[in-house]
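Counting in our numbering, the sequence shown tops out at residue 379, every number present. In what follows, a single structure is set out as structure tokens and then discussed.
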Amino acid sequence: MAVIAREWLELIEREYLGDFITAGGSAVKFVVGDAHQIKIVTRVLELLSGRHGLAHVKVDAASTRLHMIQDVFFAIARALDWTRMAQDFVEALFRSKGYEWPRPGEATLIQDVAECNRLDVTLLRRDFRQWLTA
246 MAVIAREWLE LIEREYLGDF ITAGGSAVKF VVGDAHQIKI VTRVLELLSG
296 RHGLAHVKVD AASTRLHMIQ DVFFAIARAL DWTRMAQDFV EALFRSKGYE
346 WPRPGEATLI QDVAECNRLD VTLLRRDFRQ WLTA
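Below, the structure is given as structure tokens:
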């Protein structure tokens, strides 16, 4: 059954990106079309993913053996910016607890975060460890 790209993208955002995936679900979807259609759908999926705070990864069957799940996993892992995601996670965690991050987007010593927020570094380090393991 063929589905118009616009309708499919609306469905993906409504049923998957807006709720299911952001709540911890996962899905694999395959897109078939000519090169121009694939380029447009890929770009829109990238924008929609960003809108919902999700990473977007394109896995191409020309370079990845899709029937070997470990190859798909490794292709996805290689494509992700793990350093950026960790930085964003830590900053968001501190913001959610009401703390200011001294230099947004930059790795920062916990000592600098403590000073910026006028806190004892030992207590902040303890709290941070608790947040990570809660």
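Ideal Cβ positions, reconstructed from N, Cα and C, are used throughout, including at glycine.
Would you mind stating whether residue 358 and residue 347 have Cβ atoms separated by less than 9 Å?
It is a contact, given that the beta carbons lie within the stated cut-off.
What did DSSP end up calling residue 344 once you bin it into helix, strand or coil?
Coil, per DSSP.
Among the residues of its own chain, which have a CB less than 6 Å from the CB of residue 293, if the five just before and after it don't count?
258 and 262.
Could you check where the alpha helix (DSSP H) with residue 460 kicks off and where it finishes?
Absent from the structure is residue 460, since the part of the chain shown begins at 246 and ends at 379.
Could you tell me whether the region 248–256 touches the region 273–290, where touching means 3 or more Cβ pairs closer than 8 Å?
yes
Which whole-angstrom value describes the C-beta separation of residue 332 and residue 352, a residue pair presumed to lie in contact below a C-beta threshold of 8 Å?
6 Å
Tell me which residues share the same chain as residue 320 and place their Cβ nearer than 7 Å to its Cβ, disregarding the 5 neighbours each side in the sequence.
304 and 309.
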